[in-house]
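Some notes on the structure that comes next.
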Amino acid sequence: MAANFWTSSHYKQLLDQEEVDVVHQLDREKGITLEDFKLIKMHMANYIGKLAHNVKVRQRVVATAVAYMRRVYTKYVLLRPGVGRKMFWKSMTEYDPRVLAPTCLYLASKAEESTVQARLLVFYTRKIYTDEKYRYEIKDILEMEMKILEALNYYLVVFHPYRALSQLLPDAGMNDATQICWGLVNDTYRMDLILIHPPHFIALACIYVASVLKDKENTAWFEELHVDMNVVKNIAMEILDFYDSHKMISEERINAAMNKLPFRP
Amino acid sequence: MGDGNSRGISGNNNNSNSNRPEWLQQYDLIGKIGEGTYGLVFLAKIKPNRSKPIAIKKFKQSKDGDGVSPTAIREIMLLREINHENVVKLVNVHINHVDMSLYLAFDYAEHDLYEIIRHHRDKVNQAINPYTVKALLWQLLNGLNYLHSNWIIHRDLKPSNILVMGEGEEQGVVKIADFGLARIYQAPLKPLSDNGVVVTIWYRAPELLLGAKHYTSAVDMWAVGCIFAELLTLKPLFQGQEVKATPNPFQLDQLDKIFRVLGHPTQEKWPTLVNLPHWHSDQQHIQGHKYDSTGLYSVVHLSPKSPAYDLLSKMLEYDPRKRITAAQALEHEYFRLDPPPGRNALVPSQPGEKVVTYPTRPVDTTTDFEGTTSLQPSQPVSSGNAVSGSMAGPHVVPSRSGPRPVPMVGMPRMQPQGMAAYNLNSQAGMGGGMNPGNIPMPRGVGSQAHQQQQSVVFHGKLHVRDCASEDPHLKWGYRRNTKIQVQPVHFQEAVFEVVPSDSLLHTLGPDCKSLHQNLSYKRFESNLFFLVLGCHDSAVTYKLIPEH
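The listed protein sequences correspond, in order, to chains A and B.
With the numbering used here as the guide, the letters of the first sequence map in order to residues 222 to 486.
With the numbering used here as the guide, the letters of the second sequence map in order to residues 151 to 698.
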């Protein structure tokens, strides 16, 4: 069902962290570690964000694109009664993230009803990255679009925390924290949280972090929600851990990871 | 989905075409059955035993080099999430990387309302059996109710998009098809015209004709009203002349056709009318009173006192906010009177009724998957969308008794937990980034801690709040893989009185009158409960709030 999270393919595809943190055999052969894997995905999320900023699409499109990109590189096993198992899992070696990332934005822009032209993506990519490894042509995008559709098993609906956030903040009396919460939610897409947790939990975790940062007493409000606060707090911890470790990540570290990827001929 | 390596080109096959991708070889192509702006529709059979007919919709690669058509993307996106007996089911998606074309495979439906109406009007010259009209309408509303309760508006309902299954296990079952224009309507929707989309104006709701900027599910109900009238009279109800000149023309003639039958809308009957751009600007003097009295009943040849007329007039209510919803329509008296609507709309259950044999869809057997014609086309091709779906599992034709009293049910309650450790008074400085060390948040105290919660019997009254009308995201307190479904009888010691709201009863529909059969509970963290009401394979969740 398209707009009911609990019956959606998104809900059914949620994984545990350990299931997401698996590097494809082909990538491991190239020396890509789990840390590299995470860094490249984060770098690609940033790339999608930069491109989106240039072509001017809504944050929702960016979020959907990042979710697509992360899903393609994540192992999903489909159990088909009587037929057997089918696996959906692509390596960065086969599916170059430098083409996949802009194509995810391209596909997401169609899914979210604000189509961006492929030639614009080609144009702005050249503006953002002078490195020829980031170069691609329109035909590369069109080919990759179909590959992504297949890799996603044609599941295209993605739910995001933004909607829950905009409903929760007024309820929590935290309208003044809209900016910071929105920013926190945007930053969660540099992690794999969207593959692991229901979006409203991510929204709650961001509100929790914002409450702490703004020194806002919100205990009663959270209590009234009757949610599992352990889940919310664990997500909040992950977000804070991410910010903490993010300080150490240098451009060189990202480049080193990217350089392990084979360059397309 | 998309099994088989679509990249491979096989030189080996029986057909003349040697460029055929592997996945295509699982089908025997029968021929072309439809053609639209998006591409072609083919009839095929799955190979081993050729038992199951499949309709394959081929999307052309758009000429301007902009990849997969956004219409195809949206159709796949929605159909992949949808599962209902009265909605087409996407069986498979295939990609041919060689020519970058996309194929959607659906179960094949032999008929559609366009052809059924045409057959009665032009061939047998006889009205459609009242049972068939009622059964078709009920199933159409049933599918639509499913879509609307999942926040999907179809936006292009018309007789050719409403398919009916031919001979076989699902004979006479209605399938709503063609979701290329369908939308999830949580976010405000752009007018169709903004996307350069043109749809038939005959079934278009008056608020859209008057320039309303946002769609609601009421636009689909207007279309259902028009289709209902067409099933009764075999003629389109409002057959306006379309203005095709500009991208978003003001369809004066269509409005005139509506006003002629329903009378002029008034601000009294439709308070927000004055806010609609085309009414407000009144450039073409539509505000001038020309038609007063309602002549709808004489147009559709129904007694103004008949339940059928009452239902129809509620579907054709001018004010979209007052227009009957699909859920309400399913509850209408019309469906409770004899003959009751059944699963096979084409064959009445009463013996002795004459069964009309509808013609099968013409198939152009000279066209192959590439759309190239090898011979002269033998027959004209139907305009309908020949796609349909099937649903696994038996369908029970509901018995339509009156609403039953709500049963007394009970359920256990869990202690609220995990809040004690939660302390927001702690300080965390902004400087130097966010230091998690300063924030007391227990880690690794995951959901395991909750497993030993004790069960507490709750005595009191529960109010059922309609969650479906709110954001479906906001159903708090779920835990993964913990869906507890309990029969009320297991918790006799707990006394609950579930007070269903009107909207709840409406959502259930006529085949879900009995709460007993459809009740289950989702028990989540702490003391929050959800009542899950299943209706076929859809479920509506309601939040239960204890009243102390």
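Glycine residues also receive a C-beta, built at the ideal position from the N, C-alpha and C atoms.
Just checking my contact of residue i with residue j at CB under 8 Å: how many whole Å lie between their CB atoms?
i: P318 (chain A); j: I261 (chain A); result: 6 Å
i: N233 (chain B); j: K239 (chain B); result: 7 Å
i: L426 (chain B); j: A362 (chain B); result: 6 Å
i: K271 (chain A); j: I349 (chain A); result: 5 Å
i: V406 (chain A); j: P382 (chain A); result: 5 Å
i: K468 (chain A); j: I223 (chain B); result: Actually they do not touch by this definition, with Cβ atoms about 39 Å apart.
i: L381 (chain B); j: I267 (chain B); result: 7 Å
i: D257 (chain A); j: A478 (chain A); result: 4 Å
i: M365 (chain A); j: L321 (chain A); result: 6 Å
i: A339 (chain A); j: L363 (chain A); result: 7 Å
i: A284 (chain A); j: Y410 (chain A); result: 6 Å
i: A379 (chain B); j: V450 (chain B); result: 5 Å
i: L179 (chain B); j: F409 (chain B); result: In fact, because the Cβ distance is near 48 Å, the residues do not count as touching under 8 Å.
i: T517 (chain B); j: K197 (chain B); result: Contact flag wrong, Cβ pair sits at about 19 Å.
i: L720 (chain B); j: A277 (chain B); result: Nothing about residue 720 (chain B) can be reported from this structure: the residues present for chain B run from 151 to 698 only.
i: M465 (chain B); j: G375 (chain B); result: 3 Å
i: Y365 (chain B); j: R305 (chain B); result: 7 Å
From residue i to residue j, what distance separates their C-alpha atoms?
i: V424 (chain B); j: L358 (chain B); result: 14 Å
i: E334 (chain A); j: A286 (chain A); result: 13 Å
i: V645 (chain B); j: L236 (chain A); result: For V645 (chain B), the pLDDT reaches just 29, beneath the cut-off of 50, and the residue's location in the model is therefore unreliable, although a value from the coordinates is still provided. Approximately 38 Å between the Cα atoms of the pair.
i: E483 (chain B); j: K284 (chain B); result: 12 Å
i: L252 (chain B); j: K437 (chain A); result: 52 Å
i: A194 (chain B); j: I204 (chain B); result: 5 Å
i: P548 (chain B); j: Q321 (chain B); result: Low confidence applies here, because P548 (chain B) scores a pLDDT of 34, under 50, leaving its location unreliable; read the following figure in that light. When rounded, the distance between both Cα atoms is 17 Å.
i: A273 (chain A); j: M412 (chain A); result: 18 Å
i: K440 (chain B); j: H414 (chain B); result: 7 Å
i: Y327 (chain A); j: L487 (chain B); result: 52 Å
i: R471 (chain B); j: A368 (chain B); result: 7 Å
i: I417 (chain A); j: D462 (chain A); result: 16 Å
i: Y316 (chain A); j: I253 (chain A); result: 14 Å
i: K354 (chain A); j: L480 (chain B); result: 59 Å
i: P622 (chain B); j: A385 (chain A); result: Caution applies to P622 (chain B), whose pLDDT of 32 falls short of 50 and renders its modelled position unreliable; the value that the coordinates give is listed next. Those two C-alpha atoms are separated by around 9 Å.
i: T440 (chain A); j: V448 (chain A); result: 12 Å
i: W227 (chain A); j: F380 (chain A); result: 11 Å
i: D257 (chain B); j: H264 (chain A); result: 43 Å
i: R279 (chain A); j: I401 (chain A); result: 18 Å
i: A570 (chain B); j: Y232 (chain A); result: Any answer about A570 (chain B) is weak, because its pLDDT of 30 lies below 50 and its placement is not dependable; what the coordinates show is given next. Between A570 (chain B) and Y232 (chain A), the C-alpha separation is close to 29 Å.
i: T507 (chain B); j: V274 (chain B); result: 10 Å
i: S230 (chain A); j: R306 (chain A); result: 17 Å
i: Y572 (chain B); j: M290 (chain A); result: Low confidence applies here, because Y572 (chain B) scores a pLDDT of 30, under 50, leaving its location unreliable and the question unanswered by this model.
Could you tell me which residues DSSP puts in a beta bridge with residue i?
i: R301 (chain A); result: A:G305
i: T515 (chain B); result: Per DSSP, none; premise fails for T515 (chain B).
i: V191 (chain B); result: B:G184, B:K207
i: I269 (chain A); result: None, per the DSSP bridge assignment.
i: K325 (chain B); result: B:L313
i: S251 (chain B); result: B:N246
i: H274 (chain A); result: In the DSSP output, where bridge partners are listed per residue, H274 (chain A) has none listed.
i: Y177 (chain B); result: B:I196
i: M261 (chain B); result: For clarity, residue 261 (chain B) is His in the given sequence; the question names Met instead. B:V314, per the DSSP bridge assignment.
Does the Cβ-Cβ distance between residue i and residue j come in under 8 Å?
i: Y294 (chain A); j: F309 (chain A); result: no
i: W288 (chain B); j: F485 (chain B); result: yes
i: V243 (chain B); j: L228 (chain B); result: no
i: I312 (chain B); j: I303 (chain B); result: no
i: K210 (chain B); j: Y177 (chain B); result: no
i: V324 (chain B); j: A458 (chain B); result: no
i: F388 (chain B); j: W429 (chain B); result: no
i: D216 (chain B); j: L307 (chain B); result: no
i: N374 (chain A); j: L300 (chain A); result: no
i: V378 (chain A); j: E231 (chain B); result: yes
i: G316 (chain B); j: H261 (chain B); result: yes
i: L286 (chain B); j: V237 (chain B); result: no
i: T314 (chain A); j: D361 (chain A); result: no
i: L414 (chain A); j: I456 (chain A); result: yes
i: K259 (chain A); j: L482 (chain A); result: no
Check the Cβ-Cβ distances between residue i and every residue of chain C, and say whether any is below 8 Å.
i: I226 (chain B); result: Looking for chain C here will not work: the only protein chains present are A and B.
Taking only heavy atoms of the ligand PLP into account, decide whether any of them is closer than 7 Å to the Cβ of residue i.
i: L466 (chain B); result: Although the ligand PLP was asked about, the structure shown includes no ligands whatsoever.
At least three beta-carbon pairs within less than 8 Å, the segment 293–310 of chain B to the segment 468–481 of chain B: yes
Per the contact definition of three or more C-beta pairs closer than 8 Å, is the segment 387–396 of chain A in contact with the segment 421–435 of chain A? yes
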